[in-house]
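If you read the sequences in order, they're chains A and B.
Each residue of the first sequence is one higher than the one before, counting from 1 in the UniProt record's numbering.
Each residue of the second sequence is one higher than the one before, counting from 1 in the UniProt record's numbering.
Beta carbons: idealized from backbone N, C-alpha and C, even for Gly.
Worksheet: the structure to be examined is printed underneath.
Protein chains: 2
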Amino acid sequence: MGLRERKKEKTRLAILDAALDLFLEQGYETTTVEQIAGSVEISARTFFRYFTSKEHVVLWFHDHSEEVVTEALQRRPEDEPPFQSLLHALRVMLSEFNDATPEETERFLKMQRLIENNPALAGKSVARGVETERRMAVEVARRQGLDPAVHQLPHLVVAYAMATVRVGFECPRPKVTGMGEMFERVDAALMLAERSFRPGWDLAG
Amino acid sequence: MGLRERKKEKTRLAILDAALDLFLEQGYETTTVEQIAGSVEISARTFFRYFTSKEHVVLWFHDHSEEVVTEALQRRPEDEPPFQSLLHALRVMLSEFNDATPEETERFLKMQRLIENNPALAGKSVARGVETERRMAVEVARRQGLDPAVHQLPHLVVAYAMATVRVGFECPRPKVTGMGEMFERVDAALMLAERSFRPGWDLAG
DNA sequence: AAATTTATGGCACAGCATGACAGATGACAA
DNA sequence: TTGTCATCTGTCATGCTGTGCCATAAATTT
């Protein structure tokens with residue numbers, strides 16, 4: 001990895017940390033991009049070369065999560081019931097979070113806290129999650145040999161799986177102190193889901 | 001109803017129709033608020049007194065839907081299994097759409113077509129739907145005597161119900177010609193949901 | 001060291017959204 | 001009808017987000 005890329009990565013993280021701290025201190029909407037840029041000594045124009053928008057900073061973790069979860073899904077055997085594959089993939093994503101460095105963990109918790117306390121951001125976060133959902137639905141449909149434009153089942157299966165983790169993340173309103181606590185919550189939601197469905201409900205035909 | 005209110009309603013609908021047609025003709029993002037305002041002879045400032053934002057025009061139907069569905073939920077007996085109550089309420093909402101005037105139907109289909117062909121709008125629509133979801137989750141939690149801040153089940157039940165109709169609406173990608181066709185799709189999704197869960201999965205304890 | 005690719009900053013600009021104020025218009029009572 | 005009051009509307013000013021463009025600076029390659 002060259003100097004250039006290392007430098008870019010450093011700037012990206014500097015922006016990220018500065019922005020998150022500013023958001024938490026004085027609120028998301030009242031913090032301007034210019035302020036963020038100023039606090040890391042770059043121009044506002046450059047900010048938008050690292051993050052496509054102001055909200056992209058807060059939803060940044062989605063990018064990584066989507067990558068991890070889709071890869072994990074790909075690794076599951078094709079003949080496994082799709083909902084089970086999805087739950088597996090989602091658990092892989094969660095465990096990846098657990099392996100994160102302290103800095104990464106801190107960032108994630110800050111984003112989570114921001115989203116929790118800001119309905120507008122919560123909405124954006126869900127919308128971003130649904131993007132991932134659509135992509136996974138295509139993959140699940142392919143595995144089942146169904147046309148996603150005609151059959152609703154694949155999309156429905158993915159939607160339920162994603163809704164489960166979303167609820168798991170959202171639900172513990174009162175103070176999310178640490179990563180472990182949060183994962184217990186999400187895992188509780190996943191287990192709740194596991195015993196809620198009829199066997200074979202997610203299979204075509 | 002006085003002249004004043006009638007006039008307001010007329011303006012609101014004029015804005016709505018003009019905006020939807022412009023969006024469909026030249027695209028959502030390329031249409032400016034000023035253009036919309038101009039085509040109904042009002043100032044841009046006034047536009048924002050009728051709709052809180054440009055996207056509010058496209059997501060307008062959500063306001064009515066939320067009202068209908070929450071009222072319908074309230075009418076269900078408190079001891080009914082919550083998921084069943086939700087499906088009932090959602091079906092009431094759908095049937096209300098069926099009773100709509102031709103103009104209302106046309107507007108709704110336009111909005112639907114816009115959302116279908118614009119990922120950004122689709123995201124906003126989902127975000128709006130989740131707002132409704134949260135409110136209903138509070139009500140369902142109350143009915144079950146659970147604290148929504150602690151227990152995930154109520155939120156999960158509502159999330160699944162809402163995800164079902166969302167998938168029902170989204171799924172028929174290729175040409176949504178009429179209202180009836182759309183409702184068949186959504187109803188198909190609801191029936192799919194009905195036979196996917198274990199009996200009693202949505203009950204506390 | 002020169003040539004090439006890529007990142008950055010500054011500038012201009014369009015568009016969305018909001019606050020403030022003054023004038024127009026409907027509501028209502030005398 | 002007229003006058004008063006509440007409400008709606010347009011105009012103006014303003015702040016902020018996000019993008020295109022171009023010149024400059026930095027890193028990479030040869």
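Could you round the C-beta distance between residue i and residue j to whole angstroms and report it? I think they count as a contact, below 8 angstroms.
i, j, result
"A:V130", "A:V157", "Not quite, the Cβ-Cβ distance comes to about 14 angstroms (not below 8 angstroms), so this is no contact."
"A:V126", "A:R166", "7 angstroms"
"A:V68", "A:E25", "So it is not a contact: roughly 30 angstroms between Cβ atoms."
"A:N98", "A:M179", "7 angstroms"
"B:E55", "B:K124", "5 angstroms"
"B:F23", "B:T31", "6 angstroms"
Between residue i and the rest of its own chain, which residues show a CB-CB distance below 8 angstroms, the 5 nearest in sequence each way excluded?
i, result
"A:L20", "V57, V58, R107, K110, M111 and L114"
"A:R91", "D187 and L190"
"residue 259 of chain B", "Since the first and last residues shown for chain B are 1 and 205, residue 259 of chain B lies out of range."
"B:C171", "R185 and A189"
"A:L192", "T164"
Could you tell me the alpha carbon to alpha carbon distance between residue i and residue j, rounded to whole angstroms?
i, j, result
"A:F83", "B:G2", "56 angstroms"
"B:L13", "B:R198", "45 angstroms"
"A:E9", "A:L73", "28 angstroms"
"A:A204", "A:P154", "9 angstroms"
"B:E116", "B:M182", "13 angstroms"
"B:H88", "A:A137", "27 angstroms"
"A:T177", "A:T105", "11 angstroms"
"B:A100", "A:P119", "31 angstroms"
"A:E29", "A:A122", "14 angstroms"
"A:F51", "B:D79", "49 angstroms"
"A:L146", "A:T164", "23 angstroms"
"B:E5", "B:P102", "22 angstroms"
"B:P148", "A:K7", "45 angstroms"
"A:L86", "A:E194", "11 angstroms"
"B:S196", "A:S196", "9 angstroms"
"B:R142", "B:G27", "43 angstroms"
"A:R49", "B:R49", "35 angstroms"
"residue 241 of chain B", "A:S53", "In the structure as shown, chain B begins at 1 and stops at 205. Residue 241 of chain B is therefore absent and cannot be evaluated."
Once you ignore the five residues that flank residue i on each side, which residues in its own chain have a CB closer than 7 angstroms to its CB?
i, result
"B:L34", "Sequence check: residue 34 of chain B is Glu here, not Leu. Excluding sequence neighbours, B:E34 sits near A44."
"B:R135", "T70"
"A:P77", "none"
Considering only the alpha carbon of each residue, which of the options lies closest to residue i?
i, options, result
"A:T132", "A:I36, A:T52, A:Y160 and A:E116", "A:Y160"
"A:Q144", "A:L94, A:D202, A:T177 and A:S95", "A:D202"
"A:A37", "A:E78, A:H151 and A:T11", "A:T11"
"B:H62", "B:H151, B:T31, B:F169 and B:S196", "B:F169"
"A:H151", "B:R185, B:P148 and B:A149", "B:R185"
"A:F47", "A:K7, A:R6 and A:L16", "A:L16"
Under 6 angstroms Cβ to Cβ from residue i, same chain only, skipping five residues before and after it: list those, please.
i, result
"A:S39", "A18"
"B:M93", "S65, V68 and V69"
"A:R128", "L59 and H62"
field: Runs of alpha helix (DSSP H) lying entirely within the stretch 18-82 of chain B, each at least 4 residues, in chain order
entry: Fully enclosed alpha helix (DSSP H) runs of 4 or longer: 33-39, 44-50, 54-58 and 60-75.
task: May I have a chain-ordered list of the alpha helix (DSSP H) segments no shorter than 4 residues that lie completely inside the stretch 126-199 of chain A?
output: Taking only runs of at least 4 residues, the alpha helix (DSSP H) segments lying wholly in the stretch 126-199 of chain A are 153-170 and 179-194.
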